[in-house]
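Counting from 1 along the sequence shown, just add 1086 to a position and that's the residue number in our numbering.
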Amino acid sequence: MSAPQIYISFPGTAREALGFYAEVFGGSVSLFTYRDFARTDGPPTAVAHGVLDGVVALAGSDAAAGETTMRCKGLMLSLLGTAEPPVLHQWFDRLSAGGTVVDPLAPKPWGAWDGQVIDRHGLHWLIGYEPDQAQPEEGSR
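(1) Suppose you measure from the CA of T1119 to the CA of Y1107; what does that come to, to the nearest Å?
(2) Contact check, F1096 vs V1142 under 8 Å by CB: the rounded distance?
(3) My guess is that G1208 and M1156 are in contact by the Cβ rule of under 8 Å, so how many angstroms apart are they, rounded?
(4) Roughly how many whole angstroms lie between the Cα atoms of P1171 and T1126?
(5) On the CB-based measure, 16 or more other CB atoms within 10 Å of its CB, does S1226 come out buried or exposed?
(6) Once DSSP output is grouped into helix, strand and coil, what is the label at G1214?
(7) Do you know how far the Cα of S1182 is from the Cα of P1222?
(8) Whole angstroms are fine: how far does the CA of P1193 sit from the CA of I1204?
(9) In terms of residues, what are the limits of the alpha helix (DSSP H) holding A1100?
(10) For F1178, count neighbouring Cβ atoms within 10 angstroms of its own Cβ and tell me buried if that reaches 16, exposed if not.
(11) Taking the alpha carbon of A1089 as the point to measure from, which residue in A1100, T1131, L1104, L1144 has its own alpha carbon closest?
(12) Could you tell me which residues DSSP puts in a beta bridge with Q1047?
(13) Which whole-angstrom value is the C-beta distance of S1114 and D1139, which I expect to be below 8 Å?
(14) When the Cα atoms are used, what is the spatial distance from T1131 to R1121?
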């Protein structure tokens, strides 16, 4: 393993959330239910383990009864410089749908572009790039 992987305990929304992230970032989703894992601590069709494999990788499950679900405070998932600027703008726009823009993805006084968004599933994202990366064309955002 080359880096930590984000694993999220969703409040019964893992299937929807991982599908949303696949729409945002691309990649493929694998889902296994409580029934698949012979678990009896939740609904049989709930997600016991799910993985988004792609350029952005996430994993998660539906929390079992009594388990704590994800609450994002003081944590951002950073995608700084991880793709070309037009792709980063596209990701930002897609994550913003149904979410909350904390800080628009725009040029900042220190010269870089960055912005923050909390998506509809509660994850806080920091997205940006340095000006030496290709600037997005006006109509591509």
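Using N, Cα and C, we set each Cβ at its ideal position, and we do this for glycine too.
Since we're looking at a predicted model, the values are computed, not measured.
Answer, in terms of the structure:
(1) 19 Å
(2) Under the criterion of beta carbons closer than 8 Å, F1096 and V1142 do not qualify as touching, at roughly 17 Å.
(3) 6 Å
(4) Each residue's alpha carbon lies about 45 Å from the other.
(5) Only weak support exists for where S1226 lies, its pLDDT of 48 falling under 50; the coordinates are left without a value.
(6) strand
(7) Reliability fails at P1222, whose pLDDT of 48 lies under 50, so the model's placement of it is uncertain and the value that follows must be treated cautiously. Their Cα atoms are separated by approximately 18 Å.
(8) 19 Å
(9) 1100 to 1111
(10) buried
(11) L1144
(12) Because the chain is modelled from 1087 through 1227, residue 1047 falls outside the range shown and cannot be assessed.
(13) 5 Å
(14) 7 Å
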